[in-house]
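For the sequence shown, this note's numbering puts the final residue at 759, and the numbers step up evenly by one.
All remarks here apply to the structure that follows.
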Amino acid sequence: IIATVVPGTELGTIGEQGERFLDNQRIEGNISDMLDGAIQFVSRNMRTKTIINSQTGKREDRPDYPITAVREAILNALVHRDYSIHTEGMPIQLIMFEDRMEIRNPGGIYGRIKIDQLGKVQPDTRNPVIASELEVLKITENRYSGIPTIRRMMREYDLQQPEFLDERGSFIIKLYKNVKEYNVAEIEDVDNEDLLLFCKTPRTRKEISDYLGLNSVAYAIQTRVMPLVDKGIIKMSIPEKPKSSKQLFYCD
508 IIATVVPGTE LGTIGEQGER FLDNQRIEGN ISDMLDGAIQ FVSRNMRTKT IINSQTGKRE
568 DRPDYPITAV REAILNALVH RDYSIHTEGM PIQLIMFEDR MEIRNPGGIY GRIKIDQLGK
628 VQPDTRNPVI ASELEVLKIT ENRYSGIPTI RRMMREYDLQ QPEFLDERGS FIIKLYKNVK
688 EYNVAEIEDV DNEDLLLFCK TPRTRKEISD YLGLNSVAYA IQTRVMPLVD KGIIKMSIPE
748 KPKSSKQLFY CD
């Protein structure tokens, strides 16, 4: 699996420091290892917010994407991709954009099933031995419940329903996150309060990245700091040179 985070909504977008990727990783190993590695990659590159559950009235932490849906989408790719010589050397692609996540699976949709039948009828299985072995290992139920689970979890998170595409020999799952602006009374970023306290003392990019526990400095600044800079909450010590290596970030 090749996993990447890009600083925009399209491939080729360049970040504020000229970076093409905010994070990237080649994930290798057996299917279980790749599944775990991909979930860890997604988890460290998701934001978590605290919301007020409209049904219970209680506060709860909620990441950008329901992790159960993410797991099922990645597992779907690992189980159903084409492992033949025709796609040898073609990795599964996991791409995290600002507004969505895409999982691109070499081989395209398999058998007689059509896109609009996914999750509604029993599909043909490209790799029955793999599916059976993963059932024995309790990694998958092998009951064709993956896509219904993805749809259900996205619905429970009040997110747009996933898109399934069959394009040029690849099967693509798109999961969209909620990128609208929330009212402060409805939702608050669980990291912001502590981050603002941390930035009472001017901080470097690396200091902020380390504080947030993120491996990618560019990702930390792009996703956690710059939105607060745009709102005037955090300030830059050299605003006329935003990409300066000597830049410090602080709040009053």
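Ideal Cβ placement from N, Cα and C applies to all residues, glycine included.
Taking a cut-off of 8 Å for Cβ pairs, the segment 662-671 and the segment 641-650 do not touch, as fewer than three such pairs fall below it. If the five residues before and after ASP631 are omitted, its C-beta is found closer than 7 Å to the C-beta atoms of TYR617, GLY618, ARG619, ILE620, all from its own chain and listed in chain order.
Judged by their CB atoms, ASN531 and THR516 are not nearer to each other than the 8 Å cut-off.
Between GLU595 and SER751, the alpha-carbon positions lie close to 43 Å from each other. ILE728 places its beta carbon less than 8 Å from that of ILE715. Bridge partners of TYR757 according to DSSP: LYS742. In this chain, the alpha helix (DSSP H) harbouring ASP701 covers 699-705.
Under DSSP, TYR683 shares a beta bridge with ARG607. Residue environment: VAL586 is assigned as buried (16 or more neighbouring CB atoms within 10 Å of its CB, all protein chains considered). DSSP places VAL512 inside the beta strand (DSSP E), whose first and last residues are 509-512.
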